[in-house]
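The opening position of the sequence shown corresponds to residue 507 in the working numbering, with each subsequent residue numbered one higher.
Think of the CB as a built atom: it goes at the ideal place given N, C-alpha and C, for glycine as much as any other residue.
Heads up, the thing below is written out as structure tokens.
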Amino acid sequence: MSAITFTPGDIATSFDALFGWLYEFDAPNTNVTSRMSEEEAKHFVNNLEQMHAPSIPKENRKCPICWSRYDGEDEAERCNNPVKTPCGHIYGRHCLIQSLVGIEPLCPVCRQDMCEMIIS
């Protein structure tokens, strides 16, 4: 077995060499639509079910994106305005918008295509 060597400036290539095989398992749906615009993401998120922290089970009161609590006492550490996606996952409004715009329109937990959820 040969060793993989890291050289300065070649970290991305080394990362791909080590973990590139993971990309095959990243998204079960290979026909994913490209990123949403910020306007599309805001429209989608604004139409989701708004959640109130006390109604969320205690074990789910942290945003799976930023790990801040929905019911946190400190405003700086609180993830505000939780929303529930059609697939049943709960995120802070801002975190979900940023994920849909900046990464891809997939549910960060179950990887369902949010664009398909809009259409159906």
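Secondary structure in the segment 542–614: the alpha helix (DSSP H) runs of 4 residues or longer, each lying completely within the stretch, are 544–552, 599–608 in chain order. Contact annotation, C621 with G598: C-beta distance approximately 21 Å; criterion of less than 8 Å not satisfied. Shown here for K548: same chain residues with a beta carbon closer than 8 Å to its own, the five before and five after excluded, namely I603 in chain order. Taking all protein chains shown into account, E610 has 16 or more neighbouring C-beta atoms within 10 Å of its C-beta and is therefore buried.
With contacts defined by Cβ atoms closer than 7 Å, C613 and T591 form a contacting pair.
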